[in-house]
């Protein structure tokens, strides 16, 4: 029976028939690999996700972590699953062999980890955060910091977090107040509070490595004065053993609508409960240079944003697969043309409106998966392409696509889960079926790692105008290169409609930035993000349709039909949004709060 977690057939199509990841094995970094090794790791991921992550997904939702006597208690299945994961070497899968890694391409690594996010997003969050933490330190930490903290993380002995937000500041990092006071021994002492810290405390590992944003007294105001610090839960001795407890205190757990298996914490730094060396204040170690913390943290945040997009996609994907199975087995009603009321009820998948919902969800989740893996492929190009021009091109295109890769799946993945509930009817709204949990879990994704509004401001306020608009131009060139390949095929009409939307996007962008008033330009940025996202996913559906060639299997026919659906039903949304943007509508700007 095919998996209800993810479609391995779809992953094979995306990785091998479309993105041709096997060609990466010709590059020095990946020469030890082949399609066989890629497929073997995917097989392993599916097995572990199925046997160890999926079985406790519901249990973790019903028994969320609790704070007892200052410590976190959670169901034992979480630790057991993570032990299997780390023992299999999957924490280090994409990392260098030097650090115990497999040196998998990032594209394959994303596909591998998608299994765990889809099977149990709460448990998978712990390694997800740890891998991002380790990558940041490898990029910006000292060799001593790498040896001290990264190696235990990739072995699965320690986990990592990123501690950005504060109760009073939320996403406005310029307003954080956590202080880091330099000490004579080169360390810093941190005081302050951090809120919404996923994985911020637990008993799953020996130690937790917090990456904390704080301000050094006397530094520049706003974001230019933010520095980044390593603040371990337990201090580390020179021989790598654990020393005394650092002054980091779990002040409380946040209880969430979904994503309940991941501890979400309020942490107090420098509360004086623990006093390392007899002095209050959490001991921290500066990463890189002073006042460059936000630049370094974005290394982790950008990776996390793409990962969040993939997570939103796969939660929608597993919801779609569950709804598809239900629709094929649940009998109810009769076809519209049936005349005999005594005839047997038919599976609900035979009703046109149910097929509409399933086809809509399919177009969202398979389109979102293509978006996430395409961006992962750009990471591989950025890091391993043979010449600097190709690496620079991949970097620019990835920069341009990152807000879309985070926000588009975060908007439409939950819609796929909403449709899965609708397909189940009244049963879908109960806890007898898992689709209601998938929706609750997915609802976090439009919020964390930068809300939809933040992503829209990033796209319209920064990315489309960076380097004189070169990122937007490159995106347009990349899309039209694909549409040119559709000439003379059955997809020529789809390509023409995409070309029209690309031209429209350029014109609307010029209109918005020609308004002369940034408030007007950015007031409806979320509409711009929606339009750009749908255009990008339409392009990726064209790419997939072209990649099917003349193959006549049900799988390939289904791909083509989903592409037709997105063309006919979803791409037209773009022009309605562009119409609104082009009008420079002031309705929101001209609404005083007393009218709300």
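In the UniProt record's numbering, the protein residues as written are 1 to 596.
The beta carbon of each residue, even a glycine, is placed where N, CA and C say it ideally should be.
Determine the extent of the beta strand (DSSP E) in which residue i is found, giving its start and end residues.
| i | result |
| --- | --- |
| residue 269 | 264–269 |
| residue 285 | 282–286 |
| residue 213 | 207–215 |
| residue 179 | 179–182 |
| residue 45 | Careful: residue 45 lies outside any beta strand (DSSP E), inside the alpha helix (DSSP H) at 35–48. |
| residue 226 | 226–232 |
| residue 595 | No beta strand (DSSP E) contains residue 595, which DSSP labels as neither H nor E. |
| residue 248 | 248–253 |
| residue 158 | 158–163 |
| residue 22 | Premise fails: residue 22 is in no beta strand (DSSP E) and is neither H nor E. |
| residue 72 | 71–73 |
| residue 66 | 66–68 |
Taking just the CA atoms, how far does residue j sit from residue i?
| i | j | result |
| --- | --- | --- |
| residue 49 | residue 81 | 9 Å |
| residue 73 | residue 430 | 27 Å |
| residue 164 | residue 75 | 27 Å |
| residue 345 | residue 332 | 5 Å |
| residue 201 | residue 536 | 38 Å |
| residue 558 | residue 221 | 55 Å |
| residue 193 | residue 462 | 30 Å |
| residue 205 | residue 233 | 11 Å |
| residue 334 | residue 561 | 24 Å |
| residue 339 | residue 351 | 15 Å |
| residue 260 | residue 122 | 6 Å |
| residue 551 | residue 416 | 27 Å |
| residue 321 | residue 9 | 13 Å |
| residue 196 | residue 215 | 19 Å |
| residue 414 | residue 510 | 32 Å |
| residue 518 | residue 182 | 39 Å |
| residue 411 | residue 446 | 6 Å |
| residue 84 | residue 78 | 10 Å |
| residue 522 | residue 158 | 42 Å |
| residue 556 | residue 17 | 11 Å |
| residue 212 | residue 100 | 26 Å |
| residue 419 | residue 71 | 39 Å |
| residue 384 | residue 56 | 38 Å |
| residue 570 | residue 269 | 48 Å |
Please work out which residues of its chain come closer than 7 Å, Cβ to Cβ, to residue i, disregarding the five sequence neighbours upstream and downstream, and give them in chain order.
| i | result |
| --- | --- |
| residue 31 | 25 |
| residue 382 | 391, 394, 395 and 398 |
| residue 326 | 423 and 424 |
| residue 354 | 327, 348 and 423 |
| residue 454 | 171 |
| residue 457 | 522 and 525 |
| residue 97 | 103 |
| residue 150 | 99, 134, 137 and 138 |
| residue 317 | 6, 118, 365 and 369 |
From which residue to which residue does the alpha helix (DSSP H) around residue i run?
| i | result |
| --- | --- |
| residue 116 | 106–119 |
| residue 573 | 573–582 |
| residue 244 | Here residue 244 belongs to no alpha helix (DSSP H); instead the beta strand (DSSP E) covers 242–245. |
| residue 189 | Counting along the chain, residue 189 falls outside any alpha helix (DSSP H), though it belongs to the beta strand (DSSP E) covering 188–198. |
| residue 86 | 76–87 |
| residue 505 | 492–513 |
| residue 559 | 554–565 |
| residue 534 | 525–547 |
| residue 597 | Any question about residue 597 goes unanswered here, given that the chain covers just 1 to 596. |
| residue 153 | 151–154 |
| residue 12 | 8–12 |
Can you find the residues in the same chain that come closer than 6 Å, C-beta to C-beta, to residue i, ignoring five residues on each side of it along the sequence?
| i | result |
| --- | --- |
| residue 117 | 124, 311 and 314 |
| residue 565 | 359 and 363 |
| residue 38 | 108 |
| residue 243 | 235 and 237 |
| residue 271 | 249 |
| residue 302 | 402 |
With a threshold of 9 Å between beta carbons, is residue i in contact with chain D?
| i | result |
| --- | --- |
| residue 543 | No chain D appears in this structure, which consists of one protein chain only. |
For residue i, collect the residues of the same chain with a Cβ closer than 8 Å to its Cβ; drop the 5 residues on either side in sequence, then sort them by chain order.
| i | result |
| --- | --- |
| residue 546 | 482, 485, 486, 489 and 491 |
| residue 88 | 44 and 48 |
| residue 504 | 574, 575 and 578 |
| residue 246 | 231, 232, 233, 234, 235, 274, 276, 282 and 283 |
Do the segment 25–43 and the segment 99–113 touch if we need at least three Cβ pairs shorter than 8 Å?
-> yes
Could you pull out every unbroken alpha helix (DSSP H) segment of at least 4 residues lying fully inside the segment 398–477, listed in chain order?
-> Listed in chain order, the complete alpha helix (DSSP H) runs (minimum 4 residues) inside the segment 398–477 are 435–442 and 452–461.
Taking one C-beta from the segment 515–531 and one from the segment 574–583 each time, how about it: are there three or more such pairs within less than 8 Å?
-> yes
Decide if the segment 299–319 is in contact with the segment 371–382; the criterion is three or more beta carbon pairs, one per stretch, under 8 Å apart.
-> yes
Sequence ranges, alpha helix (DSSP H) only - wholly within the segment 344–404, length at least 4 = 352–384
Say whether the segment 470–481 touches the segment 285–300, bearing in mind that this needs 3 or more beta-carbon pairs closer than 8 Å, one atom from each stretch.
-> no
Okay, do the segment 129–140 and the segment 156–163 touch, 3+ Cβ pairs below 8 Å being the bar?
-> yes
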